[in-house]
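164 is the number of the first residue of the sequence shown in my numbering; add one for each residue after it. All C-beta atoms in this analysis are idealised placements derived from N, C-alpha and C, irrespective of residue type, glycine included.
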Amino acid sequence: MMLPECTNCKQSLNYKETFLNSFKLKPRCRKCGSRLYLTTKSRQKQSFISVITLIMWGVMTGLFPHNLIFNILFILILAILIFLITPFYTEYSNEEEPMF
């Protein structure tokens with residue numbers, strides 16, 4: 164797994180920049196200032212991981228229906244792990260691409 168780079172100036176983005184860019188509506192390269200757009204592949208990965216997370220949460224809720232604390236801890240740990248790995252499967256392009 165590698166961190167993404169700016170498609171305009173080829174500047175490699177560090178973990179912190181990529182992580183913070185995932186919360187911005189219009190992320191930009193710190194070196195050249197160009198707008199960074201998520202690729203279709205990157206958006207699909209994020210959607211897939213979100214769906215898998217919801218399915219896992221549903222399965223865990225079904226397996227442990229009366230253990231609310233366990234279910235809440237499970238989803239919190241899963242959410243934290245997803246946020247931590249997000250920068251590694253993020254890819255950028257020069258222009259906005261369709262979702263599919």
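Nonlocal neighbours in the same chain, by C-beta distance under 7 Å from ARG206, ignoring five residues either side: MET262
Counterpart residues of SER256 in DSSP-defined beta bridges: TYR200
Bridge partner(s) assigned by DSSP for ARG206: Bridge partners of ARG206: none, in fact.
ASN171: first and last residue of the uninterrupted alpha helix (DSSP H) it sits in: It is not in any alpha helix (DSSP H) - ASN171 carries neither H nor E in the DSSP assignment.
Cut-off 8 Å between Cβ atoms - residues of its own chain near GLU180, not counting five sequence neighbours on either side: ARG193
Outcome for CYS172 when other beta-carbon atoms lying within 10 angstroms are tallied against a minimum of 16: exposed
Endpoints, the alpha helix (DSSP H) within which ASN234 is located: 231-248
Close Cβ partners of TYR178 (< 7 Å) along its chain, the five nearest in sequence each way excluded: LEU166, PRO250
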